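Numbering (my numbering), first residue to last: 13 to 521.
For every residue, glycine included, the Cβ atom is placed at its ideal position computed from N, Cα and C.
Small disclaimer: the values here were computed from a predicted structure and weren't measured.
Down below is the structure, laid out as structure tokens.
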């Protein structure tokens with residue numbers, strides 16, 4: 013094992029090691045020194061209270077920004093620009109990778125692009141299929157090309173070869189292959205790479221009708237769009253009223269988290285659907301084919317390739333996605349856990365980031381270390397915070413005798429409980445905004461009202477449990493896997509229902 017591998021292995025071990033230490037420490041401290049335990053946990057709750065207030069505030073700001081941008085006709089904005097911006101030179105390449113998704117899902121996604129408030133003669137659509145599903149892929153490709161091919165500037169389907177040496181089985185290899193296959197089209201038609209914006213989506217994604225126009229506007233007014241990527245809002249609302257209440261809560265929480273970080277561009281990273289110029293993609297050699305989390309990793313590849321000269325531009329225009337829904341409640345819960353585990357595998361970026369942070373002196377010291385620490389903090393908070401809050405509340409009951417030694421230790425359960433109660437008041441903001449943001453239940457009746465009320469009543473009970481089972485634990489498993497060298501090397505496609513009761517009227521097809 014060479015020195016570079018040892019260096020990488022160290023930073024694979026550390027996130028999991030820190031997570032284990034953080035989770036075990038409260039129990040050890042409660043046995044050794046209840047007073048120290050009480051002091052540390054009170055400081056932790058103060059930190060959590062402050063964080064809750066900040067997140068609630070940013071959620072409100074994000075919601076207001078979302079509503080503001082939803083009222084804008086972005087195509088009209090483009091048309092009102094000075095001629096020097098020349099927005100009509102811009103072409104959109106939309107890549108949709110697919111592996112065994114039902115044709116109805118693909119049809120809805122492609123149709124939403126056509127129904128966009130944007131000229132379709134400026135859109136090139138590529139369906140990225142897999143050789144591992146060759147028979148169905150070719151069948152669906154022919155059907156979809158016949159239905160939609162003539163409605164785009166150009167439409168084609170690619171067949172990504174299986175078992176390419178050095179590639180993990182995942183989305184990154186598919187979209188990289190698709191992008192390279194379509195390059196000759198742009199060369200033949202003499203379309204400059206800097207005039208092409210590439211959006212990568214999943215098969216279940218349904219673009220908002222204003223997405224392409226909004227993206228074009230932000231691209232052409234930017235002074236340096238080559239060194240930017242553009243992040244739309246992922247909203248898991250396509251089938252939101254078809255999934256169990258637990259999954260609806262998780263899907264809404266995921267959407268809210270993206271709405272929150274969108275208000276902090278310095279912390280915003282690529283997630284799921286994203287856009288970047290073709291010129292930038294050519295310079296960074298498209299996407300990583302060696303990780304199952306190519307979306308988040310793309311930020312770091314671009315950031316280091318351009319010596320820190322790379323930013324993510326927030327968009328408040330959504331791309332609607334499916335929440336997890338399988339054939340049974342138990343299977344749905346399993347799929348939800350596995351999806352979160354795949355998302356949290358972004359912790360595997362830490363060795364890559366730390367290698368550059370320690371060695372890449374072309375990037376200012378503060379900038380590269382600040383970004384690295386944000387990555388560390390986000391993953392450790394993800395895996396440990398819900399578990400620490402849950403375990404710390406019952407530790408005084410288990411070690412009751414230890415907590416009678418002084419006033420602070422004795423009073424800790426009361427103080428901690430009251431602070432936890434105040435922290436959960438932030439849930440009210442979440443509930444109000446979810447009611448305003450979610451599409452209405454289909455066939456609105458008196459029953460629909462009680463369905464929403466039912467969610468409100470159960471959320472305080474379900475949210476703490478779901479935060480542990482479907483957020484903290486999968487992240488903790490990912491970090492433990494990385495620590496022990498038990499890597500996730502296959503992109504597992506999450507089961508998604510073909511129901512679409514939650515799709516908004518503007519995107520329904």
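Cβ separation of residue i and residue j, assumed to be a contact under 8 Å, to the nearest whole Å
{"i": "residue 275", "j": "residue 70", "result": "5 Å"}
{"i": "residue 180", "j": "residue 301", "result": "7 Å"}
{"i": "residue 238", "j": "residue 292", "result": "5 Å"}
{"i": "residue 104", "j": "residue 209", "result": "5 Å"}
{"i": "residue 304", "j": "residue 357", "result": "6 Å"}
{"i": "residue 191", "j": "residue 110", "result": "Not a contact, Cβ separation roughly 15 Å."}
Element boundaries [alpha helix (DSSP H), containing residue i]
{"i": "residue 311", "result": "306-317"}
{"i": "residue 286", "result": "Looking at the DSSP string, residue 286 is not in any alpha helix (DSSP H); the run it does join, the beta strand (DSSP E), is 286-289."}
{"i": "residue 138", "result": "From DSSP, residue 138 is part of no alpha helix (DSSP H) but of the beta strand (DSSP E) over 135-142."}
{"i": "residue 76", "result": "46-82"}
{"i": "residue 593", "result": "Outside the displayed span of the chain (13 to 521) sits residue 593, for which this structure offers no information."}
{"i": "residue 225", "result": "223-233"}
{"i": "residue 92", "result": "Where residue 92 is concerned, there is no enclosing alpha helix (DSSP H), given that its DSSP letter is neither H nor E."}
{"i": "residue 449", "result": "438-449"}
{"i": "residue 283", "result": "Looking at the DSSP string, residue 283 is not in any alpha helix (DSSP H), and its letter there is neither H nor E."}
{"i": "residue 276", "result": "Counting along the chain, residue 276 falls outside any alpha helix (DSSP H), and DSSP gives it neither H nor E."}
{"i": "residue 355", "result": "341-356"}
{"i": "residue 480", "result": "From DSSP, residue 480 is part of no alpha helix (DSSP H); its letter is neither H nor E."}
Cut-off 6 Å between Cβ atoms - residues of its own chain near residue i, not counting five sequence neighbours on either side
{"i": "residue 64", "result": "435, 438"}
{"i": "residue 77", "result": "328"}
{"i": "residue 194", "result": "138"}
{"i": "residue 311", "result": "281, 282"}
{"i": "residue 20", "result": "363"}
{"i": "residue 24", "result": "363, 494"}
{"i": "residue 41", "result": "48, 49"}
{"i": "residue 321", "result": "239"}
{"i": "residue 85", "result": "none"}
{"i": "residue 161", "result": "167"}
Close Cβ partners of residue i (< 7 Å) along its chain, the five nearest in sequence each way excluded
{"i": "residue 87", "result": "129, 130, 225"}
{"i": "residue 28", "result": "491, 492, 494, 495"}
{"i": "residue 6", "result": "There is simply no residue 6 to check, as the chain begins at 13 and stops at 521 in what is shown."}
{"i": "residue 482", "result": "262, 348, 349, 352"}
{"i": "residue 294", "result": "205"}
{"i": "residue 318", "result": "239"}
{"i": "residue 479", "result": "398"}
{"i": "residue 61", "result": "431, 434, 435"}
{"i": "residue 31", "result": "392, 395, 396, 488, 491"}
{"i": "residue 427", "result": "54"}
Cβ-based burial, residue i [other Cβ within 10 Å; buried from 16]
{"i": "residue 465", "result": "exposed"}
{"i": "residue 230", "result": "buried"}
{"i": "residue 173", "result": "exposed"}
{"i": "residue 79", "result": "exposed"}
{"i": "residue 183", "result": "buried"}
{"i": "residue 196", "result": "exposed"}
{"i": "residue 277", "result": "exposed"}
{"i": "residue 307", "result": "buried"}
{"i": "residue 251", "result": "buried"}
{"i": "residue 107", "result": "buried"}
{"i": "residue 240", "result": "buried"}
{"i": "residue 498", "result": "exposed"}
{"i": "residue 133", "result": "exposed"}
{"i": "residue 75", "result": "buried"}
{"i": "residue 55", "result": "exposed"}
{"i": "residue 477", "result": "exposed"}
{"i": "residue 140", "result": "buried"}
{"i": "residue 433", "result": "exposed"}
{"i": "residue 177", "result": "exposed"}
{"i": "residue 98", "result": "exposed"}
{"i": "residue 333", "result": "buried"}
{"i": "residue 121", "result": "buried"}
{"i": "residue 447", "result": "exposed"}
Limits of the unbroken beta strand (DSSP E) element including residue i
{"i": "residue 103", "result": "103-109"}
{"i": "residue 323", "result": "323-332"}
{"i": "residue 494", "result": "Careful: residue 494 lies outside any beta strand (DSSP E), inside the alpha helix (DSSP H) at 485-496."}
{"i": "residue 170", "result": "166-172"}
Own chain partners of residue i with C-beta closer than 8 Å, once the 5 adjacent residues on each side are dropped
{"i": "residue 143", "result": "149, 171, 172, 173, 174"}
{"i": "residue 331", "result": "213, 217, 218, 219, 220, 223, 244, 245, 246, 247, 284, 285"}
{"i": "residue 235", "result": "none"}
{"i": "residue 325", "result": "230, 234, 240, 241, 242, 243, 277"}
{"i": "residue 441", "result": "68, 71, 72"}
{"i": "residue 14", "result": "Residue placement at residue 14 cannot be trusted, given a pLDDT of 44 that sits under 50; the coordinates are not used to answer."}
Below-7 Å beta-carbon distance, residue i vs any chain C residue
{"i": "residue 475", "result": "In the structure shown, chain C does not exist; there is a single protein chain."}
Curious, which full-length beta strand (DSSP E) runs of at least 3 residues does the segment 363-390 contain? Within the segment 363-390, no complete beta strand (DSSP E) run reaches 3 residues.
What alpha helix (DSSP H) runs, 4 residues minimum, are completely inside the segment 174-212? For the segment 174-212, whole alpha helix (DSSP H) runs of length 4 or above, ordered along the chain, are 183-200.
Within the segment 235-263, note down every full beta strand (DSSP E) run reaching 3 residues or more, in order along the chain. Within the segment 235-263, the complete beta strand (DSSP E) segments of 3 residues or longer fall at 240-247, listed in chain order.
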